[in-house]
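Below is one structure, written out as C-alpha cells, with a few remarks after it.
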Amino acid sequence: MSMSDAALLRRAGDLKGELVAFSQQPRYDRAASSFLAQYGNGLEDADEQRWMLLWDCFVLEHRLANGRTVVEQFVDARPDLPEVEREMVLGWRDVVQGPFEVQRKDGSALVVESLVDDLTYRVRSNMGPAVFKQMPRRSFIIARLVAVGDEWMLSGPVQTLRGSERDIAYQLALDMSLRTPQAVFRNPEKLAQAWEHQRADRARFVEFFGTDLLVVPGEQAQERLDGYYTYCRDSVLGPDPKDVPSAVSMSLPLDLTEAETVALIYDETDGLGFYAEFGLVEEAFVNPELLRRRRWREHTLSYLEDDSVEPMVLRRLAARDPKKASVVFRRLLKRPRFDWGRDGEALMREIKPSYFDRPPHPRVSPLSERLAELAKRR
1 MSMSDAALLR RAGDLKGELV AFSQQPRYDR AASSFLAQYG NGLEDADEQR
51 WMLLWDCFVL EHRLANGRTV VEQFVDARPD LPEVEREMVL GWRDVVQGPF
101 EVQRKDGSAL VVESLVDDLT YRVRSNMGPA VFKQMPRRSF IIARLVAVGD
151 EWMLSGPVQT LRGSERDIAY QLALDMSLRT PQAVFRNPEK LAQAWEHQRA
201 DRARFVEFFG TDLLVVPGEQ AQERLDGYYT YCRDSVLGPD PKDVPSAVSM
251 SLPLDLTEAE TVALIYDETD GLGFYAEFGL VEEAFVNPEL LRRRRWREHT
301 LSYLEDDSVE PMVLRRLAAR DPKKASVVFR RLLKRPRFDW GRDGEALMRE
351 IKPSYFDRPP HPRVSPLSER LAELAKRR
C-alpha cells in the first residue's frame, strides 16, 4: 500500500467517525427512529451489532424525506473537504455487502471473494490489521465494504463464520442474489450473462404464447404461467420426467388472480411483468370516452401513479394510437394541450422518476455453480 493510500485510509477512518457523530444530531432523531422501528424493531430490541449495522445502513443508504442521504448532507456541511475526500465519502453510498469467503491475508490487507458477485476485494480496516486475526483462510465474513481509493474498508460490524458453516454463508448469498439482483450485477460478466438469459427466456415466452403481451382472465393467469414454466423446463432439460425435476413456477398474488384481466408482458428490457386490470386500461386507450366512468378512470390513473407499472406499459398502449393516447392523458392530468408525441417522454420521467434513477437491469439473476447447486436442494 502506497503512503498516499495509507494516508487516505487513515483519513477515511477519521471521516467515518465524524460522519457517525454528524448523524447523531437531534435533527435526525425522528427519521432514525422511524427507520429503526421499521427494520430493527426499535433501538431497545436491537443488540449492539444489530444497532451498528442498522445505523450504518441509515447513514449511508437511507433516503430522508427530502430525498437525500445523511452522508450527502454531511459532505454539504463540509466545504473544507478536498475533492478526493468528497468523492470518497460520497462513494460510500454504494455499499458492497453480503457473505465473503476469506482467500488470504496480504500484508495488512485481507483478500476476500464475494459469494454474491464472485468478485475479489482487497479489504482493510481503519482499526488496523489486528482485526483480521479472527478471519482465517476459508472462513467467511458477513460484512459491509465501502471504497477507499482502489481498495475497500470495512464499514460497520463484521460477523465471522467458520469454514464448517459454509452452508449458512451460501444460503445468505443465495437469498441476497434472488432478493437484490443488482448486487450480482456488480460483476460485468454476470450482468452480460443475465441479459443473455433474459433474451433466451423471452424468446421461449414468445414461442409458447405467440406474443410478448398476453391478456387473460385473472382466474386463468396462474394456470397459463405454470404452463409456460413447464415449457421452459422441457425446452432446457427435455421432457423425460425420469431425468428432470418438476417445473418451478411462481405463485401470483390475489390482486392478480382475482382481477378481471391480467396482462403478462415480457419486455426486452423490463423483463416479465404482470399487470392487473390491463383490459380496462386498454379499453380506455381505445375509447377515451370511457374515462368518464369511474372504474375505467381509476384503473387507468393507477397505471400512471403506481411505480410497479413501468413506463414501457404506457408507451405500448400509447403507441397503438398516439392521438387517442393524447386525449387519455389530457383528461387524466387535466392538461388540455398535452400531446403524446411531443410530451410523452417528459411525462414518463415526471410520473415515474424512480424508474430513471438507475440504468435498467435484467429481471433474472445468474447464480454461480455453488449457489445454483444449493438452489436445487431448496
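In full-length UniProt numbering, the protein residues as written are 1 to 378.
Here a beta-carbon is modelled for each residue, glycine too, at the ideal position from N, C-alpha and C.
Every value quoted in this text rests on a predicted model; they were computed, and no experiment measured them.
Through-space distance from Arg337 to Val95, alpha-carbon basis: Straight-line Cα distance between these residues: approximately 44 Å.
Residue range of the unbroken beta strand (DSSP E) whose run includes Lys105: Here the beta strand (DSSP E) through Lys105 covers Val96 to Asp106.
Residues near Arg358 in its chain [Cβ-Cβ closer than 6 Å; skip 5 each side]: Nothing listed; no residue qualifies.
Gln171 (DSSP reduced to helix, strand or coil): In the structure shown, Gln171 sits in a helix (DSSP, three-state: H, G or I).
7 Å CB neighbourhood of Arg10 in its chain, flanking five on each side removed: Contacts found: none.
C-beta contact flag for Leu60 and Val75 at 8 Å: Taking a C-beta distance under 8 Å as the contact criterion, Leu60 and Val75 do not qualify as a contact pair.
Three-state class that DSSP yields for Ala259 in the structure shown: Annotated three-state conformation of Ala259 is coil, per DSSP.
Element boundaries [alpha helix (DSSP H), containing Arg78]: The continuous stretches of alpha helix (DSSP H) do not include Arg78, and DSSP gives it neither H nor E.
Counted within 10 angstroms of its Cβ, other Cβ atoms place Met250 as buried (16 or more) or exposed: Under this definition Met250 is an exposed residue.
Three CB pairs or more closer than 8 Å across the stretch 111-124 and the stretch 76-85: Touching, no, given that fewer than three Cβ pairs across the two stretches are closer than 8 Å.
Spatial distance of Glu268 from Leu332 (CA atoms): If you take the alpha carbons of Glu268 and Leu332, they lie about 28 Å apart.
Straight-line gap, Pro360 to Trp195 (C-alpha atoms, nearest Å): The alpha-carbon atoms of Pro360 and Trp195 are separated by roughly 11 Å.
For Thr160, three-class secondary structure by DSSP: DSSP places Thr160 in strand when its eight states are reduced to three.
Boundaries of the beta strand (DSSP E) in which Met153 is found, first to last residue: Glu151 to Leu154 is the extent of the beta strand (DSSP E) around Met153.
Alpha carbon of Gly107 to alpha carbon of Glu151, nearest angstrom: Between Gly107 and Glu151, the C-alpha separation is close to 13 Å.
First through last residue of the alpha helix (DSSP H) which encompasses Thr120: Segment Thr120 to Arg124 is the beta strand (DSSP E) holding Thr120; no alpha helix (DSSP H) there.
DSSP-derived helix/strand/coil call for Ser302: Taken through DSSP and simplified to helix, strand or coil, Ser302 comes out as helix.
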